[in-house]
Amino acid sequence: MAILGYKEYFKGIGEIKFEGKDSDNPLAFKYYNPEQVVAGKTMREHFKFSIAYWHTFCGQGGDPFGPGTQSFEWDKASDPIQAAKDKADAAFEFIGKMGFDYFCFHDYDLIQEASTFAESEKRLVTITEYIKEKKAASGVKLLWGTANCFSNPRYMNGAATNPDFDVLSRAGGQVKLALDATMALDGENYVFWGGREGYMSLLNTDMGRELDHMGQFLVMARDYARAQGFKGNFFIEPKPMEPMKHQYDFDSATAIGFLKEYGLEKDFKINIEVNHATLAQHTFQHEIATAAKAGMLGSLDANRGDYQNGWDTDQFPNNIQETTEAMLVFLKAGGLQGGGVNFDAKIRRNSTDMEDVFLAHIGGADTFARALLTADKIITSSAYDDLRTKRYSSFDAGKGKDFEAGKLTLEDLYKVAQENGELELKSGKQELFENIINQYI
């Protein structure tokens, strides 16, 4: 249900409904049917779709070559408190009309940062109380909160990894306030994205010391939140670069290793973004599989990059084959642990109509829903699972099973090699697997 403020921002657009794939209505879901059960859960439960406050309500279409092109009514007020309330009114109206259940935020998405730390705290407390009222009236929930410790010039050399203790302390104070806001709004999780946690040059960087500082910083944040009664997950969001030349949370494997080194693996999981995966020269599905193997598949940021461009374009997802392959891993892993699917994506600079924001989110939700349906059919109706099982069948009995159980030595493998002699090649059948995907799409 859409909850309106003192004015309606998205006039002429009602609640978005599921109408099926044969519908020609652009403002309707074709595949995302929230209550449809797939693999034992409703789509609503599988995805927990979330709106990204920053892209959807803060972005204005600017880029390095020109100013913003998108002028939204909620950006008009000159008073920062009123502007923040207007933005919240627009956000909850939009989320309600989309029929989604969640939103995510950075602290200064909610309200403009003030010129002093003390005033910023007052502003954040004020808007948190207002959003708490909006949540109570609408039933919309907070998937996760986070702190923007990368945009302000003070963080040009990092936040938790800054070589200046005073800057690190300021980041700590900001994270405390963001955690407080997240907990006040009953946030289910909290995210750390280290946009400036890395380096531009190793010449002036003590990497070991910075990594130790980041580990200690996260331990302190966890301990503070747990002491306040926060029971949700903490997420690390990997990204290899941009804005820094190298970021310490490069990819899922790197982040998992970091968390284990600093004793954080029981409290933290991975928030995987599609475009960050491809920037790291991985696929989305690779990153999901890596996190799932470690028991740390926490949450997903849904978007895509432009396959000809080497930067973070944050476009809405529309690649059905890529997403289907990701949903195969998703379903086999049992889904997400605590998180959801957050649309960390923005409409294009030349998309300037109010309905464009709806069209983008409809397309993104339909892409994930169609991929989920396709992946489920592949698992339940095709030879996909049997073919994968057959590839590894030599480990299901005999010496292969003993190897997996840790019962063999290297000398035992030597004896097996002697007994087997020369081996015949066995095809990986990659083309068959690819054809199965195409058949069911």
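Residue numbers for the sequence shown follow this note's numbering, beginning at 5 and rising by one.
The beta carbon of each residue, even a glycine, is placed where N, CA and C say it ideally should be.
Counting along the chain, the unbroken alpha helix (DSSP H) around Asp111 starts and ends at Asp111 to Leu114. Of the candidates Asp348, Arg230, Gly202 and Glu201, Arg230 places its Cα closest to the Cα of Thr186. Beta-carbon to beta-carbon, Gly219 and Tyr266 are separated by about 3 angstroms, close enough to satisfy the 8 angstroms threshold. By the C-beta criterion, the segment 318 to 330 is judged to be in contact with the segment 273 to 290, since at least 3 inter-stretch pairs fall below 8 angstroms. Collapsing the DSSP output to three states places Arg226 in a helix.
Going by DSSP, Val144 is part of no alpha helix (DSSP H) at all; its letter is neither H nor E. Here Gln443 is not bridged, per DSSP, to any residue. In the structure shown, Gly176 adopts helical secondary structure according to DSSP, grouped into three states. At a Cβ-Cβ threshold of 8 angstroms, Val179 and Ala122 do not count as neighbours. Cβ-Cβ distances below 8 angstroms link Asn161 to Pro167, Asp168, Val171 and Arg200 in the same chain, with the five nearest sequence neighbours on each side left out; the list follows chain order. Secondary structure remark: continuous alpha helix (DSSP H) runs of at least 4 residues inside the segment 288 to 367, in chain order: 288 to 297 and 324 to 336.
Within 10 angstroms of the beta-carbon of Gly66 lie fewer than 16 other beta-carbons, which makes it exposed. The distance from the Cβ of Leu377 to that of Ala337 is about 18 angstroms, inconsistent with a contact at the 8 angstroms cut-off. Of the other Cβ atoms in all chains shown, 16 or more fall within 10 Å of the Cβ of Phe254; this residue is therefore buried.
When the beta-carbon positions are compared, Ala182 and Gly149 come within less than 8 angstroms of each other.
In the DSSP secondary-structure assignment, Gly202 is bridged to Gln251. 8 angstroms or more divides the Cβ of Ile324 from the Cβ of Ala293. For Ser54, the enclosing beta strand (DSSP E) begins and ends at Ser54 to Ala56. Glu277 has Asp305 as its beta-bridge partners, per DSSP. In the DSSP secondary-structure assignment, Gly70 is bridged to Asp67. Contact between Phe61 and Ala32 does not hold, since the beta-carbon distance rounds to 23 angstroms and is not under 8 angstroms.
When the alpha-carbon of Gln232 is set against those of Asp210, Ala188 and Leu268, the nearest one is in Ala188. In the three-state reduction of the DSSP assignment, Phe76 falls in the coil class, being assigned neither a helical nor a strand state.
The beta-bridge partner set that DSSP reports for Asn193 consists of Trp148 and Asn237. With contacts defined by Cβ atoms closer than 8 angstroms, Val333 and Gln289 form a contacting pair. Residue environment analysis places Ala387 among the exposed positions, since fewer than 16 neighbouring C-beta atoms fall within 10 angstroms of its C-beta. By the C-beta density criterion, Gly100 is buried, having at least 16 other C-beta atoms within 10 angstroms. Taking C-beta atoms as the reference points, Leu340 and Ser303 count as a pair closer than 8 angstroms.
When DSSP states are grouped into helix, strand and coil, Cys62 belongs to the helix group. When only Cα atoms are considered, Pro247 and Phe347 end up about 20 angstroms apart. Per DSSP, the unbroken alpha helix (DSSP H) holding Gln422 starts and ends at Leu414 to Asn424. Bounds of any alpha helix (DSSP H) do not take in Arg158, whose DSSP letter is neither H nor E. About 39 angstroms separates the CB atoms of Met47 and Ala409; that is not less than 8 angstroms, and the two are not in contact. Here the segment 107 to 116 lies against the segment 126 to 141, with 3 or more beta-carbon pairs under 8 angstroms apart. Within the model, the alpha-carbon separation for Asp79 versus Lys89 is close to 10 angstroms. The alpha-carbon of Gly367 is positioned some 24 angstroms away from that of Ser142.
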